[in-house]
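*Asks:* Protein chains in written order, with this note's numbering: chain A, 107 to 349; chain B, 107 to 349.
Idealized CB from N, CA, C, for every residue including glycine.
Have a look at the structure that comes next, please.
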DNA sequence: ACTAAAAATTGACTTAAGTCAATAAACATA
DNA sequence: TATGTTTATTGACTTAAGTCAATTTTTAGT
């Protein structure tokens, strides 16, 4: 759907702050933004992002959804969680790769069709670079979560997610426990039991807020990439500080 | 190491066939290839691809290695297998993301430094597009393997890998069973037991060659992206043919 | 503030895949 | 073609996380 004039301005301002559009000349950007489209999705709505229908690039303006794959038995895995400002770009997948988007909240997505994205990236080299950064980031995130899923125990997974939240979201669990559990490839029951076990080590969860008896209980679950955004990175207490 | 004149020509010919360099004007390509470097690695050699030292783009000229992550206890997961013609590009990872390359054979890697890659992609839009395709492919491959690892039983994983080999490598297992097992996130013993169970369903393995009692035993393990390269894709027998 | 619905927890039990150890098959190099 | 080494298989046993069912806690709408 093409947005009304009144909405356009706020969409433009929002988009201009997304890393995908960073360091691009404002005139070119505004011109590109003319082709933005908008779509609303309802809570619990499920959409298959098959590339034929969805050869687009989506940006979450508001709301939350998870990208999932579901098998014949109804078992579901979460590939990624898409929050406000996140970019999901099925136009870059194979036409035979289907993923399912499950909306956790009423959501507004802004999107561009593949042809306009491609033609803009041909004209504008910085935009190409931004796409490269976006995809490189996805690759790294997927490699990291693969490591977490395959190498860590239930308790370590939860510990890892908590440090992650500590460092990136200032001690707040950003989503429901069930959603985080499925992102970590575990059942809510196991998540709950892992939290119980962490509590014995001094890691408490007051509703969604992480509380530590003394500051460093979670450090041992930290990975280096996450850690590099920590204020104590490479300090004496930091496990990544090996000399 | 800078290659000798005599070797240059064969490297150039090899590189020109890699998708990363497809559809680029030959003169520009040859000019870019002047900056290629070469490095040899020995069987069982292990190298950490930390971004500081390895802010490069590698192409496997000959040999084989696996990209792995290893934890404190020595447990290892395989992130990807890099075979001849494959591109591995640590320059696109965060400087804090370390992966380990373990060489399975004596290998020769060609590589370009980040600065020359970046400057070529600034000048040449097609090259930018090829990098985007390369990364988009990695994303999709990682999403697919995540699905395989989390959603499938041991037997289904092996079945999936076998169809994969059937379709892409004409019925040959390309690597050792132990390597394939670890790529599938399982132990060699479990791989072996899964093969035993598949044998009961008419799937035999004569050394590394897959033999089917009647043609379609493996179809139920096929995913749609892999299937799209199958000669019988969407035929009557094909499970992706739902009407 | 009240109620219904949704989300999270806890306990008892099950299970698929891992571990460890012994043996067998395949490979590579003389 | 023999020999030592690596890779694969098989069997007995263990275990971490899943399942199912019963509560309890939290959330959201009136």
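Report yes or no: do three or more beta-carbon pairs, one from the segment 208-223 of chain A and one from the segment 133-146 of chain A, lie closer than 8 Å?
*Replies:* The segment 208-223 of chain A, when compared against the segment 133-146 of chain A, does touch it at the 8 Å Cβ threshold.
*Asks:* Within 10 Å of its beta-carbon, does residue 140/B have 16 or more other beta-carbons around it, so buried, or fewer, so exposed?
*Replies:* It is exposed - the Cβ of residue 140/B has fewer than 16 other Cβ atoms within 10 Å.
*Asks:* Report, in whole angstroms, the separation of the C-beta atoms of residue 183/B and residue 314/A, which I expect to be a contact under 8 Å.
*Replies:* Wrong, their Cβ atoms sit about 30 Å apart, outside the cutoff.
*Asks:* Please compile the residues from chain B whose C-beta is within a distance smaller than 8 Å of the C-beta of residue 200/A.
*Replies:* Chain B residues near residue 200/A: 246, 331 and 334.
*Asks:* Nearest CA to the CA of residue 284/B: which residue from 176/B, 225/B, 219/B and 172/B?
*Replies:* Ranking the options by Cα distance to residue 284/B, first place goes to 172/B.
*Asks:* Which runs of the beta strand (DSSP E), 3 residues or longer, sit entirely within the segment 209-259 of chain B?
*Replies:* Segments of the beta strand (DSSP E) lying fully in the segment 209-259 of chain B: 213-219.
*Asks:* With three or more beta-carbon pairs closer than 8 Å as the criterion, would you say the segment 231-243 of chain B touches the segment 125-142 of chain B?
*Replies:* As far as the Cβ criterion goes, the segment 231-243 of chain B touches the segment 125-142 of chain B, which means the pair count is three or higher.
*Asks:* Within the continuous beta strand (DSSP E) that includes residue 173/B, where are the two ends?
*Replies:* 171-176 is the extent of the beta strand (DSSP E) around residue 173/B.
*Asks:* Indicate whether the contact test is met: 3 or more Cβ pairs, each with one atom in the segment 302-309 of chain A and one in the segment 253-270 of chain A, closer than 8 Å.
*Replies:* Because the criterion of three Cβ pairs below 8 Å is met, the segment 302-309 of chain A and the segment 253-270 of chain A touch.
*Asks:* Ordered along the chain, which non-local residues of its own chain (more than five positions away) have a Cβ less than 7 Å from that of residue 250/A?
*Replies:* Same-chain partners within the cutoff: 329 and 331.
*Asks:* What are the boundary residues of the alpha helix (DSSP H) that residue 332/B is part of?
*Replies:* Its alpha helix (DSSP H) spans residues 330-333.
*Asks:* Starting from residue 289/A, follow the alpha helix (DSSP H) in both directions and report where the run begins and ends.
*Replies:* Taken as a continuous stretch (DSSP letters only), the alpha helix (DSSP H) holding residue 289/A covers 283-289.
*Asks:* May I have the straight-line CA-CA distance separating residue 206/B from residue 341/B, to the nearest angstrom?
*Replies:* One C-alpha to the other measures close to 42 Å.
*Asks:* Using a Cβ cut-off of 8 Å (strictly closer), state whether residue 341/B contacts chain A.
*Replies:* No - not a single Cβ of chain A is within 8 Å of the one on residue 341/B.
*Asks:* If the cut-off is 8 Å on Cβ atoms, which residues from the segment 227-244 of chain B count as contacting chain A, listed in chain order?
*Replies:* Taking 8 Å as the Cβ-Cβ cut-off against chain A, the residues of the segment 227-244 of chain B that qualify are 227, 228, 231, 234, 235, 237, 238, 241, 242 and 244.
*Asks:* Return the chain-ordered list of same chain residues with a C-beta closer than 8 Å to the C-beta of residue 222/A, the five sequence neighbours on each side being excluded.
*Replies:* If we look at residue 222/A and ignore the five residues flanking it on each side, its Cβ neighbours are 138 and 141.
*Asks:* Are the beta-carbon atoms belonging to residue 343/B and residue 322/B less than 8 Å from one another?
*Replies:* Their beta carbons are under 8 Å apart, which means residue 343/B touches residue 322/B by this criterion.
*Asks:* Select from 202/A, 154/A, 176/A and 262/A the residue whose C-alpha is nearest the C-alpha of residue 178/B.
*Replies:* The shortest C-alpha separation from residue 178/B is found at 262/A.
*Asks:* Could you work out which residues of chain B lie near residue 204/A, taking near to mean beta carbons separated by less than 8 Å?
*Replies:* Within chain B, the residues near residue 204/A are 330.
*Asks:* In chain order, what residues of the same chain lie with their CB nearer than 6 Å to the CB of residue 333/B, ignoring the 5 residues before and after it?
*Replies:* Within the same chain, residue 333/B has close Cβ partners 339 and 346.
*Asks:* Could you pull the start and end residues of the alpha helix (DSSP H) that residue 295/A belongs to?
*Replies:* Note, residue 295/A: alpha helix (DSSP H), 294-306.
*Asks:* With a cut-off of 8 Å, does the C-beta of residue 130/A fall near any C-beta of chain B?
*Replies:* Taking Cβ atoms only, chain B never reaches closer than 8 Å to residue 130/A, which makes this a no.
*Asks:* Just confirm the distance between the C-beta atoms of residue 292/B and residue 242/B, as a whole number of angstroms; I'd bet it's less than 8 Å.
*Replies:* The Cβ separation is near 28 Å, so there is no contact.
*Asks:* Put residue 155/B into one of helix, strand or coil per three-state DSSP.
*Replies:* In this structure, residue 155/B counts as strand in the three-state DSSP scheme.
*Asks:* Is residue 253/A close to chain B? Criterion is C-beta to C-beta, closer than 8 Å.
*Replies:* Yes, because at least one Cβ of chain B sits closer than 8 Å to the Cβ of residue 253/A.
*Asks:* Can you name the residues that DSSP bridges to residue 114/B?
*Replies:* According to DSSP, which records beta bridges pairwise, residue 114/B is partnered with nothing at all.
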